[in-house]
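Here is the structure we will look at.
Residue numbers (my numbering): 1174 to 1510.
Laid out in structure tokens, this is it:
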């Protein structure tokens, strides 16, 4: 297949593109190389893709809807994995317009292009953040997701609703994946594993919010990639059991599905830190702070639906994933062993 992967210089997009290439697909990669974090890291990710003859890269902004339309018209992808977005919860408090452009305008352009140049399947990134103020654990796709705690979360929930409209109106098969705290080699520098590792190695304090009472469903990148690629070939159809009288939010009479994709295990932040300290062979200097605006105290994925649909089973606990990340970090940044 010819598969368009947006955000191909990003953490998940890079790894997904590598897996697709290894599986014999032709990949069209799109990324605007945003300076939100280190562009050199993004270029190094791209280097492993652009060296392959079955990969073509286009440096452009998905918020440029006309350019997206031209790209679809010229190259006619068979399927789309849409991972490009402005990420980060706290950054949305300071730069809301960036989220509107990338996550709403950009996604509208992808949907419209999929309508104009029909594709077999659009798989797109949502987020565990959509559960917002929901305190019931584990989070299930059947739960309400009406109270986002950040603009980032609101844009991701909006993406799900926009996708349903296009699935309903134009029969475009769409699947949204609610990612839960993805980590691993080539990860994002703005996320806790990266930030904590850097600070611990530099002997600087790490900032621990909610006075340490945080829990996250940390999901290793290889498990995420396997799930994304399996979902791509699982094209949704109308759910015959769906009814408007008692509408399930994660399915539809349209070819539309929503799945959680996580490790199905919530980990206290202190436990995560203990494993990280062991992998680094060095203790962290902790600085405890209150809960930050936009944050939620805990995430935990119910993945029964994805297991049933595609056989998704996460295989990597943090006791294995964190040492792998640390080994990559030390090698990439030439840290003395």
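Using N, Cα and C, we set each Cβ at its ideal position, and we do this for glycine too.
Just so we're clear, the structure is a prediction, and the values are computed from it rather than from any experiment.
For residue 1492, same chain residues with a beta-carbon under 7 Å away, outside a window of 5 residues either side, are 1448 in chain order. Membership of residue 1377 in any beta strand (DSSP E) is not indicated, and neither H nor E is assigned to it by DSSP. Nearest neighbour of residue 1201 by Cα position, chosen from 1352, 1333, 1177 and 1209, turns out to be 1177.
Within the DSSP secondary-structure output, residue 1392 pairs in a beta bridge with 1355.
Following the DSSP letters along the chain, one finds residue 1468 in no beta strand (DSSP E), marked with neither H nor E. Counting along the chain, the unbroken alpha helix (DSSP H) around residue 1193 starts and ends at 1184-1195. Contact between the stretch 1401-1415 and the stretch 1428-1436 is present, with at least three C-beta pairs closer than 8 Å. A check of alpha carbon separations from residue 1175 across 1199, 1187 and 1193 identifies 1199 as the nearest.
Residue pairing by DSSP places residue 1433 opposite 1351 in a beta bridge. A straight line joining the alpha-carbon of residue 1440 with that of residue 1260 spans about 22 Å.
One thing to note: residue 1241 has its Cβ within 8 Å of the Cβ of residue 1282.
Closest in alpha carbon position to residue 1358, among 1215, 1509 and 1194, is 1215.
Shown here for residue 1360: same chain residues with a beta carbon closer than 8 Å to its own, the five before and five after excluded, namely 1184, 1366, 1367, 1394 and 1498 in chain order. Under DSSP, residue 1204 takes part in a beta bridge, and its partners are 1232. C-alpha of residue 1354 to C-alpha of residue 1263: approximately 15 Å in a straight line.
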